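Engineer:
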Amino acid sequence: MKILPFRWKPLLPICTLAVFLCSGAQNLSSRPAAPQQSGALRDGRVEDAEQRTGPYAIAGRNYAVVLHEKRLANVGDPALAETLTALEIRDAAGNVAYQKAFSYTIDQSHFQQNLSASAERVSGKTGAGLVIHYREQTAASLTSTAQTSESWQLFGLVNGKLAALGKPMPIGGPAAGGPFMGVMMRAANGTVSVISQPDTIEVRARTRYFYVFVPLRVDWNHGGLARGQRCMGMIGGGLQKVGCDMRVEVVRKPPADEFTFARLFVEASENMGVPDHVVMQKDSKIAILGSRTITTWNENGELIQPVFSDIWLHVRIDDKEGWIHGDEDLAAVGLPAGSPAR
Amino acid sequence: MRTLRFAVIGLLIAAASVIGWRAIRARLQPQTTLFSGQPATAQPVGPQAENSSAQAPSVAPPGSESARRLGPFSIAGRDYTVELHTKKVRPGSTDEQDDTVVAMEIRDAAGSIQYRRTFPYVEAKEEYFASWSVSAQLLIGTNGTGLLISYDAYSEPSAPEEEPTGWFQIFGVLNGKFVPFGAPFEVHGGLLNEYVDGHTYKAARPLGPEADVVEFKVWAGHCRLIYPVRVDWIRGKLAPAQECPKSADGLGAGCQYKVVPEDKLYNSEITFVRLWPNPDEKSEKPEKTVLKKNSKVDLLAARVATHWTEGNPAGPAPDSKRPMDDAGSFGVTSGGVAGNDLWLKVRIDGKEGWMHSEEDFRALGLPEEE
Chain C
35 MKILPFRWKP LLPICTLAVF LCSGAQNLSS RPAAPQQSGA LRDGRVEDAE QRTGPYAIAG
95 RNYAVVLHEK RLANVGDPAL AETLTALEIR DAAGNVAYQK AFSYTIDQSH FQQNLSASAE
155 RVSGKTGAGL VIHYREQTAA SLTSTAQTSE SWQLFGLVNG KLAALGKPMP IGGPAAGGPF
215 MGVMMRAANG TVSVISQPDT IEVRARTRYF YVFVPLRVDW NHGGLARGQR CMGMIGGGLQ
275 KVGCDMRVEV VRKPPADEFT FARLFVEASE NMGVPDHVVM QKDSKIAILG SRTITTWNEN
335 GELIQPVFSD IWLHVRIDDK EGWIHGDEDL AAVGLPAGSP AR
Chain A
4 MRTLRFAVIG LLIAAASVIG WRAIRARLQP QTTLFSGQPA TAQPVGPQAE NSSAQAPSVA
64 PPGSESARRL GPFSIAGRDY TVELHTKKVR PGSTDEQDDT VVAMEIRDAA GSIQYRRTFP
124 YVEAKEEYFA SWSVSAQLLI GTNGTGLLIS YDAYSEPSAP EEEPTGWFQI FGVLNGKFVP
184 FGAPFEVHGG LLNEYVDGHT YKAARPLGPE ADVVEFKVWA GHCRLIYPVR VDWIRGKLAP
244 AQECPKSADG LGAGCQYKVV PEDKLYNSEI TFVRLWPNPD EKSEKPEKTV LKKNSKVDLL
304 AARVATHWTE GNPAGPAPDS KRPMDDAGSF GVTSGGVAGN DLWLKVRIDG KEGWMHSEED
364 FRALGLPEEE
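If you read the protein sequences in the order shown, they are chains C and A.
Be aware that the first sequence starts at 35, since it is given in the working numbering, and climbs by one per residue.
Be aware that the second sequence starts at 4, since it is given in the working numbering, and climbs by one per residue.
Given below as structure tokens:
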């Protein structure tokens with residue numbers, strides 16, 4: 035028997051999850067909820083607030099998500115006037131099934147970071163689960179622009195208990211105490227069987243330039259979480275990890291320049307062929323066809339974050355089709371690097 | 004029937020192309036004839052041998068051989084002629100294009116052989132054709148006059164080239180004696196039209212009181228640069244006219260050369276090239292410059308590593324089937340080594356800068372080897 039494909043594409047996504055996520059998240063982690071205050075508040079008022087969402091039905095049990103927030107009175111920028119300080123998941127009886135606290139800092143009369151979270155129930159063939167999406171915005175300073183980072187937590191009911199699923203395992207890799215995730219096996223007689231068939235969800239995550247939909251495979255009832263794709267290519271005579279094709283969502287901001295320029299590659303690789311030099315004018319027709327990027331997952335505290343590298347965008351510029359990458363060329367098609375709009 | 008007709012038409016087109024190509028080559032080399040010979044040799048000939056050589060039978064079978072004389076060329080007050088012995092690569096052919104040189108002899112006014120070089124004879128087969136041609140021009144400089152001999156090999160099948168590879172050898176009179184100024188040089192390029200005047204080739208400029216600079220066209224991968232050679236008339240020596248800095252690995256780090264203007268650039272639509280202020284990618288960010296179909300493009304200079312390799316003045320190895328294996332060479336150092344790539348200074352609609360890399364050369368529409 036042998037493992038079948040290196041490259042796994044979700045042919046039948048059971049469900050699609052759109053969760054906002056931004057790359058480059060480094061700071062979002064579990065922190066003691068100890069407030070730090072480095073500047074004087076004008077009126078000194080910090081208010082507590084609570085938001086409750088749900089109920090979310092998971093394996094016949096209802097859960098609610100409770101968000102504890104701090105709010106500042108009379109702050110000019112509303113985005114930095116409140117922040118999440120704790121998150122709880124409670125069962126129907128009000129018992130806390132999971133809780134997490136987050137620190138915050140007040141500086142110059144506003145929160146230095148604004149953390150927010152949203153919850154969504156996701157279901158499929160393997161059951162249902164809860165996805166928490168965190169979004170943290172850091173205030174702009176004299177030396178840096180505002181940065182946004184995003185993270186996730188996925189919860190399933192494992193052995194009757196609500197549990198965070200942790201970092202996605204590589205395809206074919208051993209699941210730490212969990213089930214194998216969708217590995218297809220072929221017997222010597224050619225019979226193909228699937229050891230487990232997880233659900234596929236797509237995470238809408240932001241690269242530095244645009245959103246991509248990153249597939250994940252999840253087995254809610256057994257607590258399994260694995261990457262949805264693994265892409266390998268022949269490079270220098272050997273198999274190496276390469277970027278995977280992903281759906282893309284873009285919001286273009288066409289530059290005001292009379293001419294912009296892009297180097298259009300035939301493949302999503304600097305080493306494949308000689309790129310075509312394309313000049314774009316204001317009336318150029320630009321179609322975004324897809325993207326290819328290498329995704330790795332970081333675990334920061336109990337939160338997971340995708341990190342994108344070797345980001346390529348598949349485009350058609352007037353009648354020319356090809357791949358572009360890099361800050362300059364992506365900005366030239368109206369996708370400057372940076373955090374998403376609020 | 005239809006297939007047969009296409010096959011016949013195809014054969015006719017192929018034959019016409021070959022004849023046309025050879026006709027063009029022949030026209031470009033005004034004093035050229037093809038001769039035959041057995042093992043290749045090249046030698047200055049001593050006074051005693053001269054007389055006997057003058058009447059000596061040719062190395063090749065005399066049956067189909069003919070001779071042609073180029074010159075006379077007046078050098079240092081004496082006349083010299085170049086005698087080319089040719090043979091048909093297709094026996095029985097009356098077509099001049101089927102001639103190949105089998106021997107070249109340079110004779111003085113008395114008919115004594117001063118220099119002789121032979122070339123191998125290979126009878127043409129249906130799928131293979133190889134011939135040698137030789138041409139001669141008077142080389143005129145401010146400080147001296149010599150003879151410039153060009154050797155060219157032609158074979159079929161062969162890949163099309165932007166520039167052919169040929170050999171050049173300069174002769175002059177040293178202490179009253181007619182001698183070669185070293186071995187021939189292999190050059191991927193040729194002579195520059197601007198210095199050709201009938202059967203003479205003019206030196207570009209004097210270099211001090213004893214030497215002249217003679218310029219050659221050298222193919223650099225995407226353009227033709229002008230390579231200056233110093234001809235020392237007093238010592239009978241050739242050398243590069245430009246000193247180039249060497250890199251740590253001993254290879255040439257690059258010299259700046261003039262560039263031959265291109266007749267045609269292959270850009271058909273709006274595109275851009277990246278222009279650096281200096282021939283160094285790390286110097287600054289390049290400026291992306293729009294290139295339109297009607298943009299005015301001037302090739303100003305090239306910076307590239309070149310080599311100069313001395314040949315063997317003793318001539319080809321005995322019994323060598325390669326008649327030019329004594330040749331040295333000069334030209335562009337083959338790529339692949341960091342720092343040895345071609346940088347080209349251009350002016351596009353008044354904007355000047357340096358460019359390099361395949362993608363920019365292609366965007367500009369420069370020629371490239373297929």
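Every residue, glycine too, gets a C-beta built ideally from N, C-alpha and C.
Treat the numbers as computed from the prediction; the structure is a model and nothing was measured.
I need the DSSP call for E81/C, collapsed to helix, strand or coil.
Structural biologist: strand
Engineer: Using a Cβ-Cβ cut-off of 8 Å, state whether K291/A counts as contacting chain C.
Structural biologist: yes
Engineer: Return the residue from the list T145/A, P167/A, Q117/A, H225/A that minimises the CA-CA distance to G179/A.
Structural biologist: Q117/A
Engineer: Within the same chain, show all residues whose beta-carbon is closer than 7 Å to that of I237/A, passing over the 5 residues directly before and after it, in chain order.
Structural biologist: E213
Engineer: Using a Cβ-Cβ cut-off of less than 9 Å, give me the residues of the region 305-338 of chain C that come near chain A, in sequence order.
Structural biologist: Taking 9 Å as the Cβ-Cβ cut-off against chain A, the residues of the region 305-338 of chain C that qualify are V308, P309, D310, H311, V312, V313, Q315.
Engineer: At a CB distance below 8 Å, what residues from the region 282-302 of chain C approach chain A? Give them in sequence order.
Structural biologist: Legend: CB atoms of the region 282-302 of chain C lying less than 8 Å from CB atoms of chain A belong to residues F293, F295, R297.
Engineer: So that I know if they touch, is there some Cβ in chain B lying closer than 8 Å to that of R365/A?
Structural biologist: Here chain B cannot be found, since the structure's protein chains are C and A.
Engineer: What does the alpha-carbon distance come out to for the pair A320/A and E265/A?
Structural biologist: Near 39 Å, if we compare the C-alpha coordinates of E265/A and A320/A.
Engineer: If you count every other CB in all the chains shown that lies within 10 Å of the CB of P326/A, and 16 or more means buried, which is it?
Structural biologist: buried
Engineer: Less than 8 Å between the C-beta atoms of T84/A and V104/A, yes or no?
Structural biologist: no
Engineer: Residues of the region 345-366 of chain A in Cβ contact with chain C at a cutoff of 7 Å, in chain order, please.
Structural biologist: So the list reads E361, E362, R365, A366, given in the order they occur along the chain.
Engineer: Please give the ranges of any beta strand (DSSP E) in the region 148-222 of chain A, keeping only runs that are unbroken, at least 3 residues long and fully inside the region.
Structural biologist: For the region 148-222 of chain A, whole beta strand (DSSP E) runs of length 3 or above, ordered along the chain, are 148-159, 168-177, 180-183, 188-194, 203-205, 208-210, 214-222.
Engineer: Does the beta-carbon distance from A239/C to P340/C come in below 8 Å?
Structural biologist: Yes, the Cβ-Cβ distance between A239/C and P340/C is below 8 Å.
Engineer: Taking the Cβ atom as the reference point for each residue, do R20/C and G277/C lie within a distance shorter than 8 Å?
Structural biologist: Nothing can be reported for residue 20/C, as the shown portion of chain C is limited to 35 through 376.
Engineer: Just to confirm my understanding: we take L195/A, look at its own chain, exclude 5 residues before and 5 after, and list those with CB closer than 8 Å. What are they?
Structural biologist: Only residues of its own chain outside the window of five on either side were considered, and among them E218, F219, K220, I229, V263 have a CB closer than 8 Å to the CB of L195/A, listed in chain order.
Engineer: Assuming Q315/C and F293/C are in contact, meaning their beta carbons sit under 8 Å apart, how far apart are those beta carbons, in whole angstroms?
Structural biologist: That pair is a contact at about 6 Å.
Engineer: Closer than 7 Å by beta-carbon distance: list the chain C residues that pair up with V234/A, in chain order.
Structural biologist: The premise fails here: V234/A is roughly 40 Å from chain C at the closest Cβ pair, so nothing lies under 7 Å.
Engineer: Roughly how many angstroms separate the alpha carbons of S183/C and D353/C, rounded to a whole number?
Structural biologist: Computed Cα separation, rounded: 36 Å.
Engineer: Could you check which residue in V349/A, T336/A, G356/A has the C-alpha nearest to that of L268/A?
Structural biologist: V349/A
Engineer: Tell me where the alpha helix (DSSP H) around R365/A begins and ends.
Structural biologist: 361-367
Engineer: To the nearest angstrom, how far is the alpha carbon of P289/A from that of D200/A?
Structural biologist: 42 Å
Engineer: Going by the DSSP bridge assignment, what does D310/C pair with across the sheet?
Structural biologist: L298/C
Engineer: Opposite T145/A in the DSSP bridges: which residues?
Structural biologist: Bridge partners of T145/A: none, in fact.
Engineer: Quick one: list the residues of chain C neighbouring F132/A, beta-carbon separation under 8 Å, in chain order.
Structural biologist: Chain C residues near F132/A: none, gap ~34 Å exceeds 8 Å.
Engineer: On a CA-only basis, which of G190/C, V192/C, R169/C is nearest Q181/C? Give me that one, please.
Structural biologist: R169/C
Engineer: So K354/A packs on L302/A, CB below 8 Å; how close in whole Å?
Structural biologist: Going by Cβ atoms, the distance from K354/A to L302/A rounds to 14 Å, so no, they are not a contact pair.
Engineer: Chain C beta carbons: is any one of them nearer than 8 Å to that of F275/A?
Structural biologist: Answer yes: the Cβ-Cβ gap between F275/A and chain C drops below 8 Å somewhere.
Engineer: So, helix, strand or coil for A91/C, using DSSP?
Structural biologist: DSSP places A91/C in strand when its eight states are reduced to three.
Engineer: Should the region 184-202 of chain C be called in touch with the region 150-167 of chain C, which here means at least 3 C-beta pairs below 8 Å?
Structural biologist: yes
Engineer: From what residue to what residue does the beta strand (DSSP E) around E122/C run?
Structural biologist: 116-125
Engineer: Examine the Cβ distances between the region 136-153 of chain A and the region 70-83 of chain A and report whether three or more of them are shorter than 8 Å.
Structural biologist: The count of Cβ pairs closer than 8 Å, one atom from the region 136-153 of chain A and one from the region 70-83 of chain A, reaches three, so the stretches are in contact.
Engineer: Note down the Cα distance separating S157/C from R261/C, rounded to an integer number of angstroms.
Structural biologist: 18 Å
Engineer: Taking the alpha carbon of L199/C as the reference point, which residue from E301/C, E333/C, D291/C, D279/C has its own alpha carbon closest?
Structural biologist: E333/C
Engineer: Rounded to whole angstroms, what's the CA-CA distance from E246/A to R306/A? Just pull it up for me.
Structural biologist: 13 Å
Engineer: Checking the sheet assignment: what are the DSSP bridge partners for R264/C?
Structural biologist: Answer is none; R264/C lacks a bridge partner.
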